[in-house]
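Some notes on the structure that comes next.
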Amino acid sequence: MTTALISHPDCLLHVNPPGHPERVERLKAIQAALEAEEFAYLVRVDAPLADDEQLLRAHPKRHLAQLTARMPNAGWVELDADTYMGPASLTAARRAAGAVVAAVDMVVGREVDNAFCAVRPPGHHAETATAMGFCFFGNVVVGARHALEAHGLERVAIVDFDVHHGNGTQDLVWEDARILFCSTQQMPLYPGSGAAEEVGAHGQIVNVPLPPGAGGPAFRAGFLGRVLPAIEAHAPEMILVSAGFDAHARDPMANLNLTEADFAWATAQLCDLADTCCGGRIVSTLEGGYDLGSLANSVAAHVRVLMEYGHG
């Protein structure tokens, strides 16, 4: 068994206004990197469209209805200062959420050992009934709830190492004791949430804020000291990863100084723990990362580690 790469051409059809950082070229850069010969053994799968039942495990009907009603026939609708919707945006967003659902199905079904979803738009800023921060649906939460509701898992963990706090994920899982949410992020930074005191209704949220200028040693210390012990204590049956790579030193959106080696290290730590607690079951999905070169290299490093564990 091996690693699945789940994506879809529709994810290239979500087009933001010129100059927007969340651009089509992000996914193209990742696709080009993963065409290298070392990635030839990835199991490449087209992402399905998430259906209403799957999305409604994370969002109320009014959220889907509002987005559908505002979808333009041409041009863009501005949902907030950062988030734009074009004619193909909701289709792309359903593919992005559907990719995580499909990844969960494949990993739980032992078709593959683990999976990476190369999709856009991202999802971790989408709150219960609010699209924001480039995000429409809580992709990783849709996948987590699918694992719980459709496959009968009792506990899952979500780990988010995007440089921006996953306020949407936190909002969606705040009351859900089954879902551990661990997040490392720069603070202060958009969207303003992610303080260590934000612990969820059941103490199942672990935030590790890092100051601007922090680098690999601080990030690794947070992982070793807080994230990994919390996962071990929760004993999840699957780990889902919100894999944002904008904490890279070259990324223009923030001021952390991580490298590809840091992302590879974090991935290996999660894979080691998954081998111990949940049969190696890991599903990862793309969030941020806006410098094309460092994004492509970081995703390659992340997927390389997933493949190493998949073949193990």
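Residue numbers (this note's numbering): 1 to 312. All residues carry an ideal CB built from backbone N, CA and C; glycine is no exception.
In this model, LEU228 and SER193 are separated by some 21 Å (Cα to Cα). A buried status is given to ASP291, since no fewer than 16 other beta-carbon atoms sit within 10 Å of its beta-carbon. Taking a cut-off of 8 Å for Cβ pairs, the segment 50-59 and the segment 74-84 do not touch, as fewer than three such pairs fall below it. Judged by their CB atoms, PHE245 and SER294 are nearer to each other than the 8 Å cut-off.
ALA147 sits close to VAL108, with the two beta carbons spaced by under 8 Å. Between the segment 260-278 and the segment 94-110 there are fewer than three inter-stretch CB-CB distances shorter than 8 Å, so the stretches are not counted as touching. Take the alpha-carbon of LEU180 and the one of VAL142: they are about 14 Å apart. Membership of LEU42 in any beta strand (DSSP E) is not indicated, and neither H nor E is assigned to it by DSSP. Per the Cβ contact rule, the segment 274-286 is in contact with the segment 100-115 (3 or more Cβ pairs under 8 Å). In the structure shown, PHE134 falls within a coil segment according to DSSP collapsed to helix, strand and coil.
The beta carbon of TRP174 sits closer than 6 Å to the beta carbons of GLY200 and ALA201 from its chain, once the five residues preceding and following it are set aside; these are given in chain order.
Listed in chain order, the non-local C-beta contacts of ALA218 below 6 Å within the same chain comprise LEU210, local neighbours out to five positions each way being set aside. The beta strand (DSSP E) runs lying completely inside the segment 121-192 and spanning 3 residues or more are 156-160 and 179-186, given in chain order. With 16 or more other Cβ atoms inside 10 Å of its own Cβ, GLY123 counts as buried.
Of the residues assessed, GLY138 falls on the buried side of the cut-off, its CB having 16 or more other CB atoms within 10 angstroms. Cα atoms of PRO252 and THR3: separation of roughly 30 Å, rounded to the nearest angstrom.
DSSP places GLY288 outside both helix and strand once states are collapsed to three, so it counts as coil. About 6 Å separates the beta carbon of PRO191 from that of HIS165, a gap short enough to meet the 8 Å contact definition. In this chain, the beta strand (DSSP E) harbouring THR3 covers 3-7.
In the structure shown, ASN255 adopts coil according to DSSP, grouped into three states.
Taking the CA atoms as reference points, ALA99 sits about 20 Å from GLY133. Counting along the chain, the unbroken beta strand (DSSP E) around PHE116 starts and ends at 114-117.
Comparing alpha-carbon positions, the option among ARG23, ALA261, ALA300 and ALA214 lying closest to ALA33 turns out to be ALA300. Under the DSSP assignment, PRO217 falls in the alpha helix (DSSP H) whose first and last residues are 216-222. By the neighbour-count criterion, in which 16 or more other beta carbons inside 10 Å mark a residue as buried, ARG110 falls on the exposed side. Residue burial annotation: THR169 is buried, with at least 16 other C-beta atoms found within 10 angstroms of its C-beta. Taking 8 Å as the cut-off, the beta carbon of ASN255 is found closer than this to the beta carbon of GLN186.
The three-state reading of DSSP puts GLU22 in coil, since its state is none of H, G, I, E or B.
Classified as buried, ALA230 has 16 or more neighbouring CB atoms from the shown chains inside 10 Å of its CB. By the neighbour-count criterion, in which 16 or more other beta carbons inside 10 Å mark a residue as buried, GLY225 falls on the exposed side.
Taking the C-beta atoms as reference points, VAL163 is found nearer than 8 Å to LEU189.
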